[in-house]
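Shown next, in structure tokens, is the structure this report addresses.
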Amino acid sequence: MKLIAGGVLAAALVSGCGSGDDDGGDGGSSSKGAQAKTLGKVAMPKVGKEANTMGTWVTDSAFVKGDVNKIVGYSLDGAKSKWQIPLGGQLCWASPHMTKDGLTAILFRDGAGEDALCTKVGLVDLKKGKLVWQKEGSDSEGNAGVQFDEVTIGGGTVAAGGTGGGGAWSLDGKPLWKPAYLADCDDDGYAGGEDKIVAIRGCDSSENSSEKRLEVQTVDPKTRDVLSSYKLDEKVEYAHVISTAPLVVAVDTGDSDAGTGTTDILTIDDSGKQGKLLSTIDVLAKGYQPNCPATSVEGCTELALDKASSTLYLSSEVDVDHGGPGDRISGLNLKTGKETGKTKMAESRSLIPVQTDDDGSLIAYLGSMYSEAGGVVRVDPKTFAMETLQTHPDDMKDVESDMDTYGDCTMIYTGKKLYIGDSKASRPTSDSAARPLAIVFGA
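Numbering (UniProt numbering), first residue to last: 1 to 443.
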């Protein structure tokens, strides 16, 4: 399933929904952990057709969820609505990044009708529950209403990009730059986070105008001056930025397994004008299962990155011939591309990286199965032993299963609570009647 990164005030998390048990009793852990309660549940909106509800964040005072044509702030337990921001149109994209002040960027449609377009870029204050400003981009001839595909925030800049064009604004709403017009080149999109902006630049191949040669550019957030560049192999069709610092890029040469959007993961040293390749992880050969949206620059999920140890965590499915079915998580050193360890298999359940803690340990989601609900586990970064932090109520296993199977989830674990938000709202079916828009589990 597709999972989107979430924002939390003190840490950036990447997450997943899933379903899973193990060959160690409980995902390889020795206890059931704390018995969690269902603290809050947001009902699925009534819609005639599928609607985008992207956006899940947690601040120090609110759980914030994108909804149909609006953003809603809830109490931290998810039980009570505190505020809402009407948008007048569907969300098209929501940045997973959030500044220390609780600011994030969104992209939404310019109306509620069927012909509404993704032209509105907004800066949202998630602490105050306020749309600080909304802007539209202009093309090379000065015409307003440029359509964007996604938006990000980093280095004090909001940058929106896509096949229709690109543009950037300061946090006080002043226009900063748009990509220079070149007949055969354009910015596919941007990735942000903390003090950096990275652009994926595509230029038509001299041999075949239908093919692009992609370049990864670390740019000045205020001017878009190129600080470092690295040309990807001409076989690469799409590139997704997992992290800007360190610079980690997932690429797809067109052979990726269904749902992963990735054949290889590259770590690039962008300290010099010419970027250098540090390592390559062969995702296809190893069977790792990140989830990168096919054409988007950001949005990769079902992975976690510990910057201090340069370790990337990815899950993989273990087949019957090797003791499966089930999932396990492997750690990979980004400097060498080599595996540092792996967990025991979670038998008949999913086991998905969510985030890393300050001490370097991994937080992962252990999915539900037919006989019991899911939970949250901690993975030791040295031994890869698992400890259960919380187990969810058994009466919620169908809800978790429905969100896993039919949803498009974001997961955030913070304050001893697991937040699960769905990035799509759709009509319930006989197979997914239990699916809410969001749910909060905690002790």
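Built from N, CA and C at the ideal position, the CB exists for glycine as well. These numbers come from a predicted model, not from an experiment.
Helix or strand or just coil, what does DSSP make of residue 398? The residue labelled residue 398 in the question sits at position 398 within the sequence shown. Of the three classes helix, strand and coil, the one that applies to residue 398 here is helix, per DSSP.
Residue 216 to residue 230 span [Cα, whole Å]: For this step, residue 216 is matched to residue 216 along the sequence shown. For this step, residue 230 is matched to residue 230 along the sequence shown. Approximately 5 Å between the Cα atoms of the pair.
Could you pull out every unbroken beta strand (DSSP E) segment of at least 3 residues lying fully inside the stretch 188-256, listed in chain order? 197-204, 212-219, 226-231, 238-244 and 247-252
Let me confirm a value: residue 141 is counted as buried when at least 16 other C-beta atoms fall within 10 Å, else exposed. Which label applies? Start at 1 with the first residue of the sequence shown, and residue 141 comes out as number 141. The residue is exposed, with fewer than 16 neighbouring Cβ atoms inside 10 Å.
Decide if residue 182 is buried, meaning its Cβ has at least 16 other Cβ atoms within 10 Å, or exposed. On the sequence shown, residue 182 is found 182 positions in, with the first residue counted as 1. So residue 182 ends up on the exposed side.
Beta carbon of residue 251 nearer than 7 Å to that of residue 236: Stepping through the sequence shown from its first residue, residue 251 is reached at position 251. Stepping through the sequence shown from its first residue, residue 236 is reached at position 236. Result yes, Cβ atoms of residue 251 and residue 236 sit closer than 7 Å.
So, at 6 Å on beta carbons, what are the nonlocal neighbours of residue 33 in its own chain, with the 5 sequence-adjacent residues on each side left out? As a first step, residue 33 must be located in the sequence shown, where it is residue number 33. Within the same chain, residue 33 has close Cβ partners 388, 389, 390 and 391.
Contact set for residue 29: own chain, Cβ-Cβ below 7 Å, skip 5 residues either direction: Residue mapping note: residue 29 aligns to position 29 of the sequence shown, counting from 1. Note that residue 29 scores 44 on pLDDT, short of 50, meaning its location in the model is unreliable; the coordinates nonetheless yield the value given after this. Same-chain partners within the cutoff: 377, 386, 387 and 388.
Taking CB distances under 7 Å as the criterion, tell me whether residue 116 reaches chain B. Absent from the structure: chain B. Only one protein chain is present.
With DSSP collapsed to three states, give me the class of residue 28. Start at 1 with the first residue of the sequence shown, and residue 28 comes out as number 28. The predicted position of residue 28 is uncertain, since its pLDDT is 43 and thus under 50; a value taken from the coordinates is nonetheless stated next. Note: residue 28 maps to coil in three-state DSSP.
Given 8 Å, three or more beta-carbon pairs between the stretch 46-57 and the stretch 418-435: yes
Counted within 10 angstroms of its Cβ, other Cβ atoms place residue 438 as buried (16 or more) or exposed: Reading the sequence shown from its first residue, position 438 is the one you call residue 438. Residue 438 should be labelled buried.
Quick one: grab the DSSP three-state call for residue 128. The residue you call residue 128 lines up with position 128 of the sequence shown. In this structure, residue 128 counts as coil in the three-state DSSP scheme.
If I'm right that residue 214 touches residue 227 with Cβ under 8 Å, what's the distance once you round it to whole angstroms? Taking the sequence shown and counting its residues from 1, the one referred to as residue 214 is at position 214. Taking the sequence shown and counting its residues from 1, the one referred to as residue 227 is at position 227. About 18 Å; that fails the 8 Å criterion.
For residue 179 and residue 187, which I take to be in contact (beta-carbon distance under 8 Å), what is that distance rounded to the nearest angstrom? For the purposes of this step, residue 179 is identified with residue 179 of the sequence shown, where counting begins at 1. For the purposes of this step, residue 187 is identified with residue 187 of the sequence shown, where counting begins at 1. Confirmed, Cβ separation roughly 4 Å.
Using DSSP with H/G/I as helix, E/B as strand and the rest coil, what is residue 282? Locating residue 282 in the sequence shown gives position 282, where the first residue counts as 1. The answer is strand: DSSP assigns residue 282 an E or B state.
Roughly how many whole angstroms lie between the Cα atoms of residue 277 and residue 316? Start at 1 with the first residue of the sequence shown, and residue 277 comes out as number 277. Start at 1 with the first residue of the sequence shown, and residue 316 comes out as number 316. Computed Cα separation, rounded: 25 Å.
Check for me: the beta strand (DSSP E) holding residue 386 runs from which residue to which? Along the sequence shown, one-based indexing puts residue 386 at 386. Start and end: 386-391.
Residue 363 and residue 413 - do their beta-carbons sit closer together than 7 Å? By 1-based counting over the sequence shown, the position of residue 413 is 413. By 1-based counting over the sequence shown, the position of residue 363 is 363. Cβ atoms of residue 413 and residue 363: closer than 7 Å.
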